[in-house]
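Engineer:
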Amino acid sequence: MRHAAPAAGKLRAIICDIDGCLSPESSTPFDVESLMRIAEHNRLAQCRGDRPVLTACSGRPQPFVEAMCRLLSNHTVPCIAENGVWMYHPGTNEYIMDPAITIEQREAVHDAARWLATQYGGRGVSQQPGKVASISLYHKDTGFLKSLEAPLREQFAANGWPLRVSSTWLYINCDLEHVSKGTGLDRLMASTGLEKERLAGIGDTMGDLAIRERVSWFACPANAGAEIRAHADYVSPRPEAKGVLDVLTELGLG
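Using our numbering, the letters of the sequence shown map in sequence onto residues 69 to 322.
(1) Whole alpha helix (DSSP H) runs in the segment 261–290 with 4 or more residues, listed along the chain?
(2) Can you tell me which of S215, E134, V247 puts its alpha carbon nearest to the alpha carbon of T170?
(3) With distance defined between alpha-carbon atoms, name the residue in P120, H207, D99 nearest to G192.
(4) Tell me, to the nearest whole angstrom, how far the beta carbon of E245 is from that of A201; I am working on the premise that it is less than 8 Å.
(5) For R221, which option in V233, T210, K214, A298 has the closest C-alpha, if you only look at C-alpha atoms?
(6) Which same chain residues end up closer than 7 Å to W285 when comparing Cβ atoms and leaving out the 5 residues on each side of it in sequence?
(7) Tell me whether the beta-carbon of R282 lies closer than 9 Å to the beta-carbon of I83.
(8) So which of L256, I270, P230, L313 has the shortest CA-CA distance to G152?
(9) Three-state secondary structure (DSSP) at E175?
(10) Can you look up E245 in the DSSP assignment and give me helix, strand or coil?
(11) What beta strand (DSSP E) runs, 3 residues minimum, are completely inside the segment 89–165?
(12) Would you give the residue range spanned by the beta strand (DSSP E) that I203 belongs to?
(13) Identify every residue that forms a DSSP beta bridge with Q195.
(14) Which of the three DSSP states, helix, strand or coil, is assigned to A72?
(15) If we ignore side chains and look at the alpha-carbon of each, how far apart do P146 and L262 end up?
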């Protein structure tokens with residue numbers, strides 16, 4: 069059941085994915101003009117306190133998410149990086165790893181990364197830099213990359229590596245089984261006192277279902293996959309960052 073957009077004054081924050089929402093997942097340049105308009109929205113939100121601050125929840129490494137947070141002039145609401153591994157608070161400059169991640173689990177991730185480099189590095193599979201408790205794999209041939217999902221699951225299980233395998237448009241993500249965008253958002257909500265009724269969300273893939281489940285109203289840009297669209301209260305006719313701006317307008321914030 070789809071819900072009408074809530075009154076802007078009711079919301080305290082908008083949780084937004086990065087890849088496919090605030091920026092392309094590919095190497096295409098940022099839509100800087102749209103991002104600057106979102107940044108202006110955030111400046112007004114933090115100055116006047118009459119509208120929700122837009123923050124990020126992403127699988128990207130922490131430095132990437134922190135940079136996006138700064139670009140969007142968010143200096144008050146934490147963001148989630150590396151699919152829940154990190155919560156970064158721009159107001160205090162704190163980098164907080166999920167305390168449920170153990171040293172042994174990080175070692176398992178590093179063992180898996182070494183195996184992946186040995187097994188597939190020579191075949192053009194690269195690992196996204198900057199991740200500390202997860203792995204993201206890339207290959208220019210997306211079809212070949214997707215063909216590795218089942219073998220990876222088998223190998224991880226055989227070695228006892230507690231990793232979940234999932235895919236985005238261009239990457240395979242290998243995340244600790246008990247860590248996700250959902251657990252990251254649970255930590256964010258617990259630390260800030262933000263409640264579901266005061267949150268909206270934006271996402272483009274089923275990886276963002278965790279956002280949908282923790283907000284009162286959820287939207288997608290035009291480029292979103294069909295599966296996640298089925299869970300949206302609103303689907304913008306515009307893609308990526310322009311779609312995020314359109315969502316702000318739908319919420320009465322444009």
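Think of the CB as a built atom: it goes at the ideal place given N, C-alpha and C, for glycine as much as any other residue. Quick caveat: nothing in here was measured; it's all calculated off a predicted structure.
Structural biologist: Reading it off the structure:
(1) 277–280
(2) V247
(3) H207
(4) Not a contact, Cβ separation roughly 12 Å.
(5) V233
(6) H71, A73, P74, A268, D301
(7) yes
(8) L256
(9) helix
(10) coil
(11) 121–124, 147–149, 154–157, 162–165
(12) 202–206
(13) L205
(14) coil
(15) 11 Å
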